[in-house]
Structures are given as structure tokens and as C-alpha cells.
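Shown next, in C-alpha cells, is the structure this report addresses.
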Amino acid sequence: MTIKNRYPLPWIDDLFDQLQGVQSHKEHEDHLRMTFMVLREKKLYAKFKKCKFWLQEIAFLGQVVLGKGISVDPAKIEALVKWAKPSNVNEVQSFLGLADYYRRFIKWCSSIAAVMTKLTKKNEKFLWTNEYEKSFQELKKRLVTAPVLTVPLGDGGFVIYSDASLKGLGCVLMQHEKVIAYASQQLKNYEQSYPTYDLELAAVVFALKIWRHYLYGKSVRFIMIIKA
-10 MTIKNRYPLP
0 WIDDLFDQLQ
10 GVQSHKEHED
20 HLRMTFMVLR
30 EKKLYAKFKK
40 CKFWLQEIAF
50 LGQVVLGKGI
60 SVDPAKIEAL
70 VKWAKPSNVN
80 EVQSFLGLAD
90 YYRRFIKWCS
100 SIAAVMTKLT
110 KKNEKFLWTN
120 EYEKSFQELK
130 KRLVTAPVLT
140 VPLGDGGFVI
150 YSDASLKGLG
160 CVLMQHEKVI
170 AYASQQLKNY
180 EQSYPTYDLE
190 LAAVVFALKI
200 WRHYLYGKSV
210 RFIMIIKA
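Per the working numbering, the sequence shown starts with residue -10, numbered consecutively.
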């Protein structure tokens, strides 16, 4: 749902940002009023007994919206700790799907998951090796220890750290020295032949595309991590 020109919510990630990004009771009232106006306009209805207002924190779609930011729901973390080693392709896909949902919390998520992704390819024999176990445990570790992400403010001052290698593209969006989100992507086949400087530029383009709704019209500083 989008409130035109006011509170656009194009993705789930942005919805969490809007839920948390309230600095005063008055602003929260404005958000509620605008939301109810759109519901009425679209002839949508919400049951009052299922609505909750003025909460300090709330669990929503597997994440917890806090006054200071957004974190992974502790209930999900408990389930992750108990997650057993996958014994077939379907279980691998389920785990990778969960990791992908929380990718904004995980630095280099795509690169770590790439190892296990091999097992999901057609005609690939399922044989769980130490390589897959290492990838599985690393993803679990990063999910369980995921940081609390801050919510972007509208005053600009964004900083993006980007890195690129044959393992993939990675970047982190920050503001006022706090992490807003991580992002990563495996290289496409044609990108694997790119020289280093082209890969670094590809990481910049990747970051600008996925975070354009935060960055449009704002000041942004890029810091490229280039290893000799």
C-alpha cells in the first residue's frame, strides 16, 4: 500500500522503516490518520480489536520494530539455533529462503549462501560435505548474532561502503555511523570476466539501485574497498 507523495512503502523493508521512523506522538498520529484515510478511500477495513497503538516495540513478519531500530525476532533466533543440518534439497532451499528473507541483516549473505546454492542445481547429487557445513554454520551464526539496524532519517548524510570480488558484490548503507542495511549479490556469468575496476563500479550501481528510495535527492558518499 502506498500513500502517494507522503509515505511510500514499495518493499517490506521500507514498511519496517516507516513503522519505526516516528519521533513524536504527533508524528505517529499523522501516520495513523493518513493510513486510515487510505484504508477508507480503498474501502479496506481493519478490526479494531486486532489493532494496537502506542507500542514501544512490536513483532511483525519475523522482525521486531523497536524504538532504536529493527532486529530479528527472538523467536526466529531460537528456531535457528535448533535448526538441524539439511538432509535433502528441500531443506536446503528452506534454509536459504529464510536467510534470504533476513539478508539485510547479514554481511555478504549472497556469497556465503552461494556455496549451499550449488546443492539446489538440477541433477546435482546431494552429498553434504565440510564445505556445505561451514557455509550452513556461518549463515546460522550471522543470523543468530544479527545486529539491530537503524532506520534512515530524512536529513541525508548517507555513506555506502562497497566491495567487489569474484565471490560477488557487497555493500553496506550507513547514516551517522550506524548500519541501516547490508546487501550482497552473486556475480552473473558475464560479470565473472570483468576487470577489478568494472566490478567495483558494478557494486556502486547495485547499491544505488536497491537503495534508490532512500538516496534519491539526498547527499551520498561512497567508499570503495579495493584490495591490492
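Heads up, the beta-carbon is just placed ideally off N, CA and C, and yes, glycines get one too.
Cα separation between residue i and residue j?
i	j	result
Ser100	Gly143	31 angstroms
Met23	Asp62	28 angstroms
Leu69	Gln126	10 angstroms
Thr109	Ala103	10 angstroms
Asn119	Arg201	39 angstroms
Ile66	Val27	35 angstroms
Lys114	Ala73	20 angstroms
Lys207	Ala170	17 angstroms
Phe94	Tyr205	22 angstroms
Phe25	Glu166	35 angstroms
Lys198	Thr106	24 angstroms
Gly15	Leu21	Looking at the sequence provided, one finds Lys at residue 15 rather than Gly. Answer to the nearest angstrom: the Cα atoms are 10 angstroms apart.
Ala35	Arg29	10 angstroms
Ser182	Phe37	57 angstroms
Val54	Ala64	14 angstroms
Ser83	Lys177	23 angstroms
Asp187	Leu155	12 angstroms
Val234	Val209	In the structure as shown, the chain starts at -10 and stops at 217, and residue 234 therefore has no counterpart that could be examined.
Just confirm the distance between the C-beta atoms of residue i and residue j, as a whole number of angstroms; I'd bet it's less than 8 angstroms.
i	j	result
Ile214	Ser151	7 angstroms
Trp117	Gly159	Actually they are not in contact, since the Cβ atoms of Trp117 and Gly159 sit about 26 angstroms apart, beyond 8 angstroms.
Ala172	Glu180	Between Glu180 and Ala172 the Cβ distance is about 16 angstroms, and since that is not below 8 angstroms, they are no contact.
Gly56	Glu46	7 angstroms
Just to confirm, is the Cβ distance from residue i to residue j under 7 angstroms?
i	j	result
Glu189	Ala153	yes
Phe195	Ile149	no
Leu138	Val161	no
Gly157	Gln174	yes
Pro141	Gln164	yes
The beta strand (DSSP E) that contains residue i, what's its start and end?
i	result
Lys167	167 to 174
Arg210	209 to 214
Ile47	47 to 49
If you follow the alpha helix (DSSP H) that residue i is part of, which residue opens it and which one closes it?
i	result
Ala153	Premise fails: Ala153 lies in the beta strand (DSSP E), 147 to 154, not in any alpha helix (DSSP H).
Ile66	63 to 70
Cys98	98 to 106
Between residue i and the ligand FMN, is there a pair consisting of the residue's CB and a ligand heavy atom that are separated by less than 6 angstroms?
i	result
Val53	Of ligands this structure carries none, so the ligand FMN is not represented either.
* Asked: Is there contact here, the region 119 to 134 with the region 85 to 95, by at least three beta-carbon pairs under 8 angstroms?
  -> Touching, yes.
* Report yes or no: do three or more beta-carbon pairs, one from the region 31 to 41 and one from the region 73 to 82, lie closer than 8 angstroms? => no
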